[in-house]
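Those protein sequence lines, which keep their order, are chains L and U.
For the record, in the first sequence the residue sitting at position 232 is 232 according to the numbering used here, with numbers rising by one throughout.
Take any residue in the second sequence, note its place counting from 1, add 1000, and you have its number in the numbering used here.
Backbone N, C-alpha and C define an ideal beta-carbon position, used for all residues, glycine too.
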Amino acid sequence: MTDTTDEIETDESAEIEEPAPPPGVPITVNGEVFCAAPGRNLIDACEDAGVYVPRFCYHPRMTPVGMCRMCLIEVDTGRGPALTPSCMLTVSDGMVVETETEAVKKAQDGVLELLLINHPLDCPVCDKGGECPLQDQTMSYGPGESRFVEEKRHFEKPIPISDTVYLDRERCILCDRCTRFAAEVAGDPLIHFMGRGNQTEVNTFPDDPFSSYFSGNTVQICPVGALTAKPYRFKARPWDLSEVASTYPNAMGDRITIQSSRNEVLRYLGVDSDAVNWGWLTDRDRFSFEATMSEQRLTAPLMRGDGLGNVDDGGDELVATTWAVALQRLVTALEDADNNAGPESVAVLGGAQLTNEGQYAWARFAKGVIGTDSIDAQMGDGLPADIVASMPRTTISQACAKGGTIVLLSGDPKEELGSLYLRLRHAVVHDGATLIELTPNETGLTKHAAHSVRVRPGEVASVAAALVTGTGGDELAAASAAITGADSVSVICGRTSLADNASLTVDAINTFASLDTVRFLPALRRSNVHGAIDLGLTPGMLPGRTSLDAARAAFTAAWGSVPAKAGRDTAGILADAAAGKIAVLFLLGADPLADFPDPELAKAALDGAGLVISIDPFVNESAAYGADIVMPAAAFGEVDGSHTNLEGRITPLRQKVTPPGTARPDWMIAAELAMRLGKDMGFASVADITNEIAAVSPMHANADAAAIDAASDGVLVSGGPAWTDQGAPTPAPAYDRYSFRLVVDRTMYDGGTQTTMCPSIAELSKPGAVRISSTEASKLGVRDGAIVRISSQRASVEGPVVIDDRVASGIAAVAHNHVGLDIRSLIDMNELVTDVRIETV
Amino acid sequence: MPFEKVVTRRFDNLEAHKIDTYVATGGYASLRKALDTTPEAVHNEVKAASVLGRGGAGFPAGVKWGFCPPGVWPRYLVVNGDESEPGTYKDRQLLERDPHQVIEGCLLACYAVGLTQCFLYIRGEMAHAQERVAAALNEAYEAGYVGKNILGTDFSVDIVLHWGAGAYIVGEETALIESLEGNRGMPRLKPPFFPAAVGLYGQPTIVNNVETLANLPWIVEHGAEAYTAMGAENSKGTRVFAVSGHVNNPGVFEVEFGTTTFRDIIEGSDYAGGVRDGKKLKAFIPGGASAPWFFEEHLDLPLEKTAVDQAGSMLGSGAIVVMDQDTDMVKACHNLVRFFARESCGKCTPCREGTTWLERILSRIIAGHGRPSDLSLLTEVCENISPGIAWPPKQTTICPLGPSAVSPIASSIERFRNEFEDYITLSDRRVIPVGAA
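1. Can you tell me the Cβ-Cβ gap for Glu1304 of chain U and Ser1386 of chain U, rounded? I've got them flagged as a contact below 8 Å.
2. Give the interface partners of Met88 of chain L over in chain U, defined as CB-CB distance under 7 Å, in chain order.
3. Using beta-carbon positions only, say whether Thr1379 of chain U and Arg69 of chain L come within less than 8 Å of one another.
4. Got a sec, what are the start and stop residues for the alpha helix (DSSP H) Ile708 of chain L sits in?
5. Taking a Cβ distance cut-off of 9 Å, strictly less, list which residues of the region 409-428 of chain L are near chain U, in chain order.
6. Report yes or no: is there a C-beta of chain U within less than 8 Å of the C-beta of Cys123 of chain L?
7. Quick one: what does DSSP say Gly626 of chain L is sitting in, helix, strand or coil?
8. Tell me whether Leu1115 of chain U sits in a helix, a strand or coil according to DSSP, three-state version.
9. Checking the sheet assignment: what are the DSSP bridge partners for Met1323 of chain U?
10. Is the number of C-beta pairs between the region 484-500 of chain L and the region 402-417 of chain L that are closer than 8 Å three or more?
11. Of the choices U:Val1051, U:Lys1047, U:Gly1164, whose alpha-carbon is the least far from that of Arg1239 of chain U?
12. Give a yes or no on whether the minimum CB-CB distance between Asn1209 of chain U and chain L is below 8 Å.
13. Going by DSSP, which residues form a beta bridge with Cys493 of chain L?
14. Since Asn1443 of chain U meets chain L, which of its residues come closer than 9 Å, beta carbon to beta carbon?
15. Residues in its own chain within less than 6 Å of Asn501 of chain L by CB, not counting five upstream and five downstream?
16. Report the rounded CA-to-CA distance for Phe740 of chain L versus Val463 of chain L, giving the unit in angstroms.
17. Output, in chain order, the set of chain L residues within a Cβ distance shorter than 8 Å of Glu1343 of chain U.
18. Classify Tyr360 of chain L: buried if its beta carbon has 16 or more other beta carbons within 10 angstroms, exposed otherwise.
19. Is the CB-CB distance between Gly1287 of chain U and Gly1318 of chain U below 8 Å?
20. 8 Å is my cut-off, CB to CB: does Glu1131 of chain U come that close to chain L?
21. Applying the 10 Å Cβ sphere with the 16-neighbour rule, what's the burial state of Ala710 of chain L?
22. Closer than 8 Å is the cut-off here; do at least three beta carbon pairs connect the region 722-731 of chain L with the region 740-753 of chain L?
23. Taking DSSP as the reference, what is the three-state secondary structure of Phe214 of chain L?
24. Are Leu585 of chain L and Val612 of chain L touching if we call contact CB-CB under 8 Å?
25. Nearest CA to the CA of Val657 of chain L: which residue from L:Ser242, L:Cys123, L:Cys222, L:Gln220?
26. Determine the closest residue to Ile27 of chain L out of L:Gly768, L:Pro85, L:Thr77, with distance taken between C-alpha atoms.
27. Roughly how many whole angstroms lie between the Cα atoms of Ala82 of chain L and Val104 of chain L?
28. Cβ of Arg1032 of chain U less than 8 Å from any chain L Cβ?
29. Would a check of beta-carbon distances place Asn856 of chain L closer than 8 Å to chain U?
30. Note down the Cα distance separating Glu1254 of chain U from Ala1165 of chain U, rounded to an integer number of angstroms.
31. Under 8 Å between the Cβ atoms of Ile772 of chain L and Ala812 of chain L?
32. Is it the case that the Cβ atoms of Glu344 of chain L and Thr372 of chain L are separated by a distance below 8 Å?
33. For Ile117 of chain L, which residues in chain U fall below 7 Å Cβ to Cβ?
34. In the DSSP assignment, the beta strand (DSSP E) including Met303 of chain L goes from what residue to what residue?
35. Per DSSP, what are the beta-bridge partners of Thr204 of chain L in this structure?
36. I need the boundaries of the beta strand (DSSP E) containing Tyr268 of chain L, first residue and last residue.
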């Protein structure tokens, strides 16, 4: 809103200087002439002109329905003033609008009285009380008392409509916001109006709950307390909450408000950011504050010790200790490592969850202070950092532009990047964008895709080449024409499966990059992984999307020294550790045992590494198995800093509560270690780091602390090396039709900390299973739920079958990180693809 | 008053619903005649006949046809057979007794405007009409009057029969379109969504009433001149009225439009035959439950749109409901308001909440729990639905259903305030016998 006001002011001052008429549609609002943006909805135009029109059903991100009748104002379009719902009218030249006449006041008063006759006055026990539009507008526009003496309408209250949302139909004013959201925005039309007249209610179909990944948004947009969220219900009164604007640390960088009371985070609300999430959040993100507030958070450093709690390097238990003891042990190990095998014997895994500042501090600590380049924020599930750094980028809004062309070359956005899915869905469904989908199985966007091409793992590069060159035959002709004929094409690129090699995706990206019209949006999903790549938390690179060699001189000047040669990536580091070459291994929020595609290698690495230090808010699987020291890290909501999203947009991330116990922000741990090693990095505050990033990285030059704070939609950074051709693609391995090609994909609710540590959503995670199509199932003669043996060259596991016709024939799909079926041992990371046999047992 | 019956001309023939009888009595001759001329000629003929829409709003059909934006195809014809206004049963009779006439009317409209797809939406409760129309459509398809290359020409029309699911609101044309599309029957706001511009499936759509279309075969057969020779200045041709209530001979009557008076149709021996049992007329509803009431002094008004409009009501859907001297006006009012409260679709707040509130206040008054302030409360709630309680009504709602509930209240309180006051004041003094509870 601030932007628009600025615009008006500039317009007016411009008018005084030169008499040229300001652009727009002149309308008269309460006697004042105002130039509205052409095509603007009248209710918004009035707000632009500084006149607020009360409303319940109108929501700027959804189609107006004109149901609540609260926004009735008098509009004269030449035929005399008439009461008109302002949300249903587009501004037209010479429109005369009155919002404060007697007729308008009477209509507003009347609508409020009617809305209140059946609305229960349970405000004192209602979650919405204190932030309720119905309360607020009744105070501003409504009657003082009720003339309704009859019994109010009754429904059973409240009823659960999903695992996280409760519906109180007595409070509902039938504004159609939640139902429109479900149908129009989320594409999950599972709640509807039922009954008619005064008995109309919102409800689900029997036995068909509102199981949407986005159901929590309906709670946020409900103008009364009809929809309440299970995790927040009865937790606080709005006036007891204090809040701060922040950024949710997912790869989209969703803008949110963190609300807390008495040092406890109680709620996240989506913030309507034009550039990013439009106010929407996935339920997983919205309710993940439960993980931050979990009882299982680590509150003190842990070291190996005996059963009596005494620190002892040979002990089996993790016992609590102090920072001083833990840091000293670590510093000694680092000094020994440096003396014995050189700085290359120190390696850092992880760091994608950190803020930009944490990542920069750790990059500098590893590369400048210790002198090792073996540091990788990606866990073998992403794309090579140099590829991500050099691909020509687009933004979300450019990719989702009206009538644009989008190529989906990634995992299912609905499962991996929920708010990106909503933006893409809007672009395709409502803004006429053309979607071409190149995925092994159907995704959440398949039914909206203009061309949905099923690409068997391993063949994506050849399909991409056929599309780009138009040699794909009749089957691909239309999709090919859509891509080659478009003025600009946005390719959403990421890994469709952990079971095939990243080089296959790189080949496909390389093919698309040969078209001048193509720009990319890297769909790496791991929280702040884009910040990690931009800030050098990756081997062979330094902050600012630059290679070690290219920026050696500049960073030697800034940091004192940089590693002599490029280090190894996660797979390499784990292999080195397994071979006993790593003396000190940092796990920076990393859990290779649970997360790395090769768990045997991860286990061997934890066994073979000298000293393993896990820095994490929780004791994760790897830490429990093999860490010698566990340091409690502050989690999201407990740290200040900034975040980089998949476009390169840097937005502020703010501290709202204090970390539990002695948990510390990651950057502080790096700074403390550097100081104890006698090489102080000089960081006293987060802003110091932000400003140092702006000083040393040319692409971050305009992203200093003040600039990030000032920009409402963040600072978009860009740059990096020019794209270089990656050479001819690797030929696709032959497909043997007696076997299945394995796809390991991701789901919204997996076994990750963000899900398992949140009681409200932990149960939404389904048990692991191998998904095959009904045709394949009948060929195998297995039913849904049957136990089968899945075998590759490497190993075999047993697990249940789930019949899923979104899976293409010839493909077996297994979701990563689900309890009950760990398929990773079947994958050989050196192979291009993984073929498996499925047998009944 | 010598005039020729137009749409009810075959009502005496109980076999008229069969195609053989229909053809034998001149049926489908107009279609053959039309196919020999140009569509423009048929359109001009209908325009010249100035047939007013018979659904309630009374908009000239020929003019409505011309509203489709040029060059936008496909377009659809939707026949509004969701006749559910209380007291109205003329369309049902037309569909049951002479379904081929309606089908021929659809074909003529399609030919005139250049449409190839027609949807016949028939109210869910009219089972007999549905059967008759379905049978007639099958006959017409078989005989080559409907379908591909009608009568060997290159004119093709498909007619789809759709049964409603029983909601009054679907008689409103935009709600009907929503229902036809498979959505919940709720009105769309217009403008900007006039069906002629953006209608069924987002395409230009002409929505016509059953009776309107039933007029077309006669007009094409006899010409616009013969049609306009009947009726009054602004109301040409004939019109069908359904008279019900306290009369000796309730039924459907076709009269010359605009020259016949209410007295003729209510008291005439050819028609309703006067108030039953020789009682006096207390009030009558001239055009369906939504219309403000008329009284004895209005009996000599002609059944003509302008005159009735000027007198403060409407001919609406052609339903005349007569109330005799013994009628309890509070209960009559409650009966009508209850209908609207139950049929409100639930979309707009004033209608959804307001009509039910009105119904509950009236129930309370009738149950003997009225308060002196209730009459002003009734009026003020009405004001919130229809500001000013004027005629034609202003509305705070999307469609006229909400204001429809206001008409009976405004009419009855204005004329029979004493009856309401009796209910309230007498009940206040009423002593509830001990032990009655």
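Straight from the coordinates:
1. With a Cβ gap of about 25 Å, Glu1304 of chain U and Ser1386 of chain U do not count as contacting.
2. Under the 7 Å cutoff, chain U gives Leu1189.
3. The Cβ atoms of Thr1379 of chain U and Arg69 of chain L lie no closer than 8 Å to each other.
4. Taken as a continuous stretch (DSSP letters only), the alpha helix (DSSP H) holding Ile708 of chain L covers 705-710.
5. Nothing from the region 409-428 of chain L brings a Cβ to less than 9 Å from some Cβ of chain U.
6. No, because no Cβ of chain U sits closer than 8 Å to the Cβ of Cys123 of chain L.
7. Gly626 of chain L: helix per DSSP, three-state reduction.
8. In this structure, Leu1115 of chain U counts as coil in the three-state DSSP scheme.
9. DSSP, once it has assigned bridges, lists U:Ala1283 as partnering Met1323 of chain U.
10. Segments in contact, yes.
11. Ranking U:Val1051, U:Lys1047, U:Gly1164 by Cα distance to Arg1239 of chain U puts U:Val1051 first.
12. In terms of beta-carbon proximity, Asn1209 of chain U stays away from the interface with chain L, with every pair separated by 8 Å or more.
13. The partner list for Cys493 of chain L (beta bridge, DSSP) reads L:Leu409, L:Pro522.
14. No statement about residue 1443 of chain U is possible, as the shown extent of chain U runs from 1001 to 1437 and does not include it.
15. Same-chain partners within the cutoff: Leu832.
16. Their backbone Cα atoms lie some 19 Å apart in a straight line.
17. Simply Arg196, Gly197.
18. Looking at its Cβ environment, which holds 16 or more other Cβ atoms inside 10 Å, Tyr360 of chain L is buried.
19. Here Gly1287 of chain U is near Gly1318 of chain U, since their CB atoms are less than 8 Å apart.
20. Chain L, which has no Cβ nearer than 8 Å to the Cβ of Glu1131 of chain U, makes this no.
21. Ala710 of chain L is exposed by the Cβ-count criterion.
22. With a cut-off of 8 Å, the region 740-753 of chain L and the region 722-731 of chain L do not count as touching, because too few Cβ pairs lie within range.
23. Three-state result, Phe214 of chain L: coil.
24. For Leu585 of chain L and Val612 of chain L, yes; Cβs fall inside 8 Å.
25. That would be L:Ser242, whose Cα lies nearest to the Cα of Val657 of chain L.
26. For the options L:Gly768, L:Pro85, L:Thr77, the alpha carbon positioned closest to that of Ile27 of chain L is the one of L:Thr77.
27. Val104 of chain L has its alpha-carbon roughly 10 Å from the corresponding atom of Ala82 of chain L.
28. Taking 8 Å as the CB threshold, Arg1032 of chain U stays off the interface with chain L.
29. Limits of chain L in this structure are 1 at one end and 841 at the other, which puts residue 856 of chain L out of reach.
30. C-alpha separation (whole angstroms): 29 Å.
31. Cβ distance < 8 Å, so Ile772 of chain L and Ala812 of chain L count as in contact.
32. In terms of Cβ geometry, Glu344 of chain L and Thr372 of chain L form a close pair [threshold 8 Å].
33. Within chain U, the residues near Ile117 of chain L are Glu1353, Trp1357.
34. For Met303 of chain L, the enclosing beta strand (DSSP E) covers residues 302-305.
35. Answer by DSSP bridge pairing, in chain order: L:Ile191.
36. Looking at the DSSP string, the run of the beta strand (DSSP E) that includes Tyr268 of chain L is 264-270.
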